[in-house]
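For reference, the structure is listed below as structure tokens.
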Amino acid sequence: MPRPVIERALTLLPDTNFVNAYGLTETSSTISVLGPDDHREAFQSSDERVRQRLSSAGKPLPSLEVSIRNDEGIEVPIGESGEIWVRGEQVSGEYLGQGKKLTADGWFPTNDGGSIDDGGYLFVEGRIDDIIIRGGENISPGEIEEVLLDHPNIRDAAAVGVPDEEWGEVIIAVVVSRDPESFSESTIKDFTKEHLRSSRTPDKVIQVDELPYNETGKLLRRVIKAEMVKEL
88 MPRPVIERAL TLLPDTNFVN AYGLTETSST ISVLGPDDHR EAFQSSDERV
138 RQRLSSAGKP LPSLEVSIRN DEGIEVPIGE SGEIWVRGEQ VSGEYLGQGK
188 KLTADGWFPT NDGGSIDDGG YLFVEGRIDD IIIRGGENIS PGEIEEVLLD
238 HPNIRDAAAV GVPDEEWGEV IIAVVVSRDP ESFSESTIKD FTKEHLRSSR
288 TPDKVIQVDE LPYNETGKLL RRVIKAEMVK EL
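Converting from the sequence shown to this note's numbering requires adding 87 to each position, the first position being numbered 1.
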């Protein structure tokens, strides 16, 4: 869940026990959990490093190993982004008619991007296919979306990359405004520049009535990207 959303929820519902979890069908569901105490500790902390954990999926279950790997399958340093790999007895990684997708030593590449901080908290950045590659830099759409959702006039947001001859991809932000009549692309761009490196700020901001989600509530960035490629 985006950090601005859970921060508002914790402010409005301080006695509610919020839980955030990450899992896959191939891993017999749950991989990691951010429990109620983790939420409260992060929310009440004055340490920004700890507070950032509100947007994490918590710590992996004791029965599982989680590793962040680069494109060559090599583990990356703490804090760096890569693909989430999982290993443990509950991991099947097998598909009907396709066999197992596990490595020889039992690791399952999830095709999800993420990172692990120095406290062992897992941050899920979305599908590898959703990663925006602008000027050779891998950019998590979730990082951009969190900043956009922190703007008072944005109710929902998505960031996608569309092909560009000069940069490889450019960043398109698609937003749903709380007050559509007061929407200003330049204002939104200026806001993101205050919170993101220049290479990660949207090249264009487009206002829409709503964003597409599937039946489980997952944002369909691939649908948005396809629509933006057609329109731009």
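Think of the CB as a built atom: it goes at the ideal place given N, C-alpha and C, for glycine as much as any other residue.
None of these values were measured; they are calculated from a predicted model.
Should residue i be labelled buried (16 or more other beta-carbon atoms within 10 Å of its own) or exposed?
i: ARG309; result: exposed
i: ILE161; result: exposed
i: ALA245; result: buried
i: TYR182; result: exposed
i: TYR109; result: buried
Nearest to residue i by alpha carbon, out of the options?
i: PRO149; options: ARG174, ASN107, ARG156; result: ARG174
i: HIS238; options: GLU170, PRO164, SER264; result: SER264
i: SER119; options: ASN107, ALA313, ARG127, PHE195; result: ASN107
i: HIS282; options: ARG136, GLU252, GLU233; result: GLU233
i: SER143; options: PRO91, PRO289, ALA260, ASN198; result: PRO91
i: LYS280; options: GLY145, LYS187, LEU235, PRO196; result: LEU235
i: ASP216; options: HIS126, GLY207, ALA313; result: ALA313
i: ASP277; options: LYS291, GLY186, PHE195, ASN104; result: LYS291
Beta-carbon within less than 6 angstroms of residue i's beta-carbon, same chain only, minus the 5 sequence neighbours each way: which residues are those?
i: ILE218; result: GLY200, ASN225
i: ILE171; result: THR197, ASP199, GLY201
So what does DSSP say about residue i, is it helix, strand or coil?
i: GLU272; result: helix
i: SER154; result: strand
i: ARG221; result: strand
Could you check where the beta strand (DSSP E) with residue i kicks off and where it finishes?
i: GLY213; result: 209-214
i: THR74; result: Since the first residue of the chain shown is 88 and the last is 319, residue 74 is not available in this structure.
i: GLU224; result: 224-226
By Cβ distance below 8 angstroms, which residues in the same chain neighbour residue i in space, the five residues on each side in sequence not counted?
i: GLU256; result: ILE219, ILE220, ARG221, GLY248, VAL249, PRO250
Quick check on the DSSP output: the alpha helix (DSSP H) that includes residue i runs from which residue to which?
i: LYS291; result: Premise fails: LYS291 lies in the beta strand (DSSP E), 291-294, not in any alpha helix (DSSP H).
i: VAL92; result: 90-99
i: VAL137; result: 135-138
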